[in-house]
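>
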Amino acid sequence: MKKTFVFTILILAVLVSLVACGPKKAERPIKVGIVDTYSGPPAVYGNDALNGFKLALEEINKEGVLGTTIEFTTRDEQFKPDVGLSMAKELVLNEQVDVLAGTINSATALAISEYAKEEKVPFIVWISKSEKITGEQGHRYVFSTGENTYMAGKAGASALAQQPYTKYWIAGDDYEYGHAIGDSVQRNLKALKPEVEIIGESWWKVGEPDLVPYLTAIMAAKPDAVIFCTGGASMTNALKAIKATGMSEQVPIWIHTATDHAVLKPLGAEAPEGVMGTMDYHFYYPDTAENKAFVEAFEKAYGSPPGFPAFHGYVTAHLIAEAFKKAGALDREKFIDALEGLKVKSPAGGEIEMRACDHQLVLPMYLGVTKKVPEYDFLISSDIVTLTGDEVMPTCDEIKAARGE
Amino acid sequence: MEFGQSFSFAALGSQFLVGLSRAMILFVVCAGLSFVLGVLRVPNVAHGALYMIGAFSAYSISTQIGGNAGFWLALILAPLVVALVSLIAERVLFCHLYQREHLMLLLFTFALSLILGDLVKLVWGATYRSIMAPAFLRGSFPIFGSAFPRYNLFLLFIGPLVAVGLWFFVNKTKMGKISRAAAVDREMVGALGINVSWVFAAAFVIGCCLAGLGGALVAPTISITLGMDHNIIIEAFLIVTIGGLGNIWGALVGSLLFGVTQSLGVLFWPQFAIVFPYATVVIVLLLRPRGLLKSVW
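Chains as they are written, first to last, in this note's numbering: chain A, 1 to 405; chain B, 1001 to 1297.
(1) Checking contacts by CB at 7 Å: is B/Leu1226 closer than that to chain A?
(2) Just checking A/Gly207 against the ligand ADP - is the residue's beta carbon closer than 6 Å to any of the ligand's heavy atoms?
(3) Give me the subset of the segment 1263-1288 of chain B whose CB atoms are less than 7 Å from a CB atom of chain A, sorted by chain position.
(4) Would A/Thr216 pass as an interface residue toward chain B - the criterion being a Cβ-Cβ separation below 7 Å?
(5) Using 7 Å as the threshold, is the C-beta distance between B/Ser1140 and B/Pro1134 below it?
(6) For B/Arg1129, write down the residues that DSSP places opposite it in a beta bridge.
(7) Output the boundary residues of the alpha helix (DSSP H) element that contains A/Val83.
(8) Rounded to the nearest angstrom, what separates A/Asp397 and A/Ala348 at their Cα positions?
(9) Can you tell me whether A/Gln360 is buried or exposed, with buried defined as 16 or more other CB within 10 angstroms of its CB?
(10) Does the beta-carbon of B/Arg1022 have 16 or more other beta-carbons within 10 angstroms, so that it is buried, or is it exposed?
(11) Rounding to the nearest angstrom, what Cα-Cα distance links B/Ser1113 and B/Val1045 in this structure?
(12) Is there a Cβ of chain D sitting closer than 7 Å to that of A/Ala220, yes or no?
(13) Can you give me the Cβ contacts of A/Ala107 inside the same chain, cut-off strictly under 6 Å, excluding the 5 residues immediately before and after it?
(14) What does A/Met354 pair with, by DSSP beta-bridge criteria?
(15) Tell me which residue opens and which closes the alpha helix (DSSP H) that A/Glu405 is part of.
(16) Which residue comes first and which comes last in the alpha helix (DSSP H) that contains B/Val1253?
(17) Along chain A, in chain order, which residues have C-beta atoms closer than 8 Å to that of B/Ser1130?
(18) Could I get the ranges of all uninterrupted beta strand (DSSP E) runs contained in the segment 155-198 of chain A, with 3 residues as the minimum, in chain order?
(19) Whose CA, out of A/Val362, A/Lys400, A/Asp377, A/Leu239, lies closest to the CA of A/Asp390?
(20) To the nearest angstrom, report how far apart A/Gly156 and A/Asp48 are at their CA atoms.
(21) Measure the alpha-carbon distance for A/Ala56 versus A/Leu379 and round it to whole angstroms.
(22) Along chain A, which residues have their Cβ under 9 Å away from the Cβ of B/Tyr1051?
(23) Measure from the C-beta of A/Asp210 to each C-beta in chain B and report whether the shortest distance is under 7 Å.
(24) Against chain B, with Cβ distances strictly below 7 Å, would A/Lys154 count as a contact?
(25) In or out: A/Pro164 buried (at least 16 other Cβ within 10 Å) or exposed?
(26) Kindly indicate which three-state DSSP category A/Asp390 falls into: helix, strand or coil?
(27) Closest to A/Asp98 by CA distance: which of A/Asp358, A/Lys154, A/Ile30 is it?
(28) Counting only beta-carbon separations shorter than 7 Å, does A/Pro213 have a partner in chain B?
(29) Helix, strand or coil for A/Asp280, going by three-state DSSP, please let me know.
(30) How should A/Phe79 be labelled, buried or exposed, when 16 other C-beta atoms within 10 angstroms of its C-beta is the threshold for buried?
(31) Do you know how far the Cα of A/Glu118 is from the Cα of A/Thr68?
(32) Kindly say whether B/Val1018, judged by its beta-carbon, lies nearer than 7 Å to any beta-carbon of chain A.
(33) Can you list, in chain order, the residues of its chain whose CB lies under 7 Å from that of A/Glu322, leaving out five sequence neighbours each side?
(34) Taking 7 Å as the CB-CB limit, is A/Val44 close to chain B?
(35) Taking Cβ to Cβ, would you say A/Ile255 is nearer than 7 Å to A/Gly277?
(36) For B/Ser1140, report the span of its beta strand (DSSP E) as first-last.
Here it is in structure tokens:
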């Protein structure tokens, strides 16, 4: 009997001390919940963004934020919007994260964005390129640190409008991203140059392995220039087919992200030269001391140069840290107020701003042409022309109109 | 946009050739699938995964060795790698399952395709891979006034070569004759004192070898990536079905029909080109539900 009594007291003491421990630890770390694709082919981009984020956190956590550190938890959405959404919910409800971040899949991003709005949790999108995220479906709780289809289309259109071409052919992957890019470049091109005519379109199913028949059919129609709307594995297939048919020597071609080294590197010398592409970041451009230092640190940590997702991930981490510092408290609403219009140092040099009116990071667009150079065993973007964020982004009035405000 | 693009007969001719060359890869893959279907009665969903392994192996072999020789060796060795994988799968797993009903086999091979897919991810990772065709097969040359990739011309040679090789094997060798007989009546073949188990193993390995060859052949023209198995397996089953289950020549006819309707569809009606080959499948199955040629099932 006595033994039981002592045991009960002991248990009680332990329980009381546990409860007492709770409130003492007021300085809890800031938690970021990341939902992204870490399996299957898109994992390349998901991991790259995460590496950029981790690299920035190492620097940030050395000095700390609000006397604490930033921690993160990742979830693999497997490129499935329903999985991504339930994981975002789990992160908010179980892990009680302060901020959500991710994902490569635009459908997932839009689904999580809707949830973030209901739950009033800030959500920062870092790879998805749908212009709807910060456009017509934008709201107080969603931010984007990646370029989108509007910016890509406008950049491509302003480059093409300077050329004498009028008869265009549009071809691409038959899904949201492909059509979004196609619509955007077409809309902007016609606005800049009304005489432009789209003489034909071809859309192939996502993952269509052999694009040669599509390309030969396009060449037979003899357009002045071709706009390709492809991404991921299709991009490689398209570039291979362009090379095999010698298309880029016959017709001018523009493809958003064709100049991405993640696309060009696996192709090696097999990538076609002379394809116009647009990117918001290259590890070799802009050629600034800051960018060199960033690339060097990244290569040292992960063994390969950073891609555009790493750039976005890195900026995202710094935006989160700076916004919490400015907010002065672990408060979601204050965090959002602080993040609006916030400027942080860009790893590529200079400052980079989170635009207040639409929560879209102001990113430049680099227009370039694929070219063989002796320094690398793969093609790089050359003759780069920089379009500033203001030149390619929709105006705040356009955003208001799109959102029906 | 109007239905008919303006096109010339030259464009039609070159588009037809492009379709034919695409059909050659489909044929190599489908012939293997159909052979296994015919002899073993196994609807092998994992055939696509084996095709993917073929492509990834071709990548590893050609990058290890490098240069033109790398490609040619890959073309020979990649199917052998696939043969080895399939031999292990057959001896360890399949040989216990032949008597099961088709639905079981379908589920089993589907599971196997997922396992093989993950295996590929473990060995090669999730990144895109790409290999180059030998120098003289790169680029294009003009045919009917439009560009025709050299590699596709090479495919136009390889396809018939494989077809002739298969014909020779099935009709002129003892092994081929036995497997043909086993396709018709396996009990009878067993009753004649032939070790049916090993005949089946050999037939399975040969069929899978063709998947590997298809993978190696397609490797230089596409990005080698996870998920390439799903694309091919659906098309392959459609082709085998319209050709006549288990009939290798049916696979040839089906592939040609599929490849050519696709490439011509692209020329005539580019926005809806995806529909053409599938519409063809529907029409064929409406008119001839058991396929164009005689099905062995």
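Every residue gets a Cβ at the ideal spot worked out from N, C-alpha and C, and that includes glycine.
According to the structure shown:
(1) Chain A, which has a Cβ nearer than 7 Å to the Cβ of B/Leu1226, makes this yes.
(2) Looking for the ligand ADP in the displayed structure turns up nothing, as the structure carries no ligands at all.
(3) Hits within the stretch, in order: Ser1263, Val1266, Leu1267, Pro1270, Gln1271, Ala1273, Ile1274.
(4) A/Thr216 counts as touching chain B.
(5) The answer is no: Cβ separation not under 7 Å.
(6) Within the DSSP secondary-structure output, B/Arg1129 pairs in a beta bridge with B/Ile1224.
(7) The continuous alpha helix (DSSP H) containing A/Val83 extends over residues 81-93.
(8) Between A/Asp397 and A/Ala348, the C-alpha separation is close to 29 Å.
(9) Buried, since its Cβ has 16 or more Cβ neighbours within 10 Å.
(10) Counting the other CB atoms within 10 Å of its CB gives B/Arg1022 a total of 16 or more, which places it among the buried residues.
(11) Answer to the nearest angstrom: the Cα atoms are 6 Å apart.
(12) Among the protein chains of the structure shown, namely A and B, there is no chain D.
(13) Pro81.
(14) Paired residue(s): A/Leu361.
(15) Taken as a continuous stretch (DSSP letters only), A/Glu405 belongs to no alpha helix (DSSP H), as it is neither H nor E.
(16) Per DSSP, B/Val1253 belongs to the alpha helix (DSSP H) from 1248-1268.
(17) Residues of chain A passing the Cβ test: Thr236, Lys240, Pro266, Leu267, Gly268, Glu270.
(18) As far as the segment 155-198 of chain A is concerned, its whole beta strand (DSSP E) runs of at least 3 residues are 167-173.
(19) The closest CA to that of A/Asp390, considering only A/Val362, A/Lys400, A/Asp377, A/Leu239, is found on A/Val362.
(20) Rounded to the nearest angstrom, the two C-alpha atoms are 25 Å apart.
(21) In a straight line, the C-alpha of A/Ala56 is about 28 Å away from that of A/Leu379.
(22) The premise fails here: B/Tyr1051 is roughly 11 Å from chain A at the closest Cβ pair, so nothing lies under 9 Å.
(23) Between A/Asp210 and chain B, the shortest Cβ-Cβ separation is below 7 Å.
(24) No, its Cβ sits nowhere closer than 7 Å to a Cβ of chain B.
(25) That one is exposed.
(26) A/Asp390 falls in the helix class under three-state DSSP.
(27) Nearest of A/Asp358, A/Lys154, A/Ile30 to A/Asp98, Cα basis: A/Ile30.
(28) It does; some Cβ of chain B falls within 7 Å.
(29) Of the three classes helix, strand and coil, the one that applies to A/Asp280 here is coil, per DSSP.
(30) That one is buried.
(31) When the Cα atoms are used, A/Thr68 and A/Glu118 turn out to be separated by approximately 28 Å.
(32) Yes, B/Val1018 counts as interfacial toward chain A.
(33) Correct list, in chain order: Leu342, Val344.
(34) So yes, A/Val44 belongs to the interface.
(35) Contact flag set, yes.
(36) The continuous beta strand (DSSP E) containing B/Ser1140 extends over residues 1140-1143.
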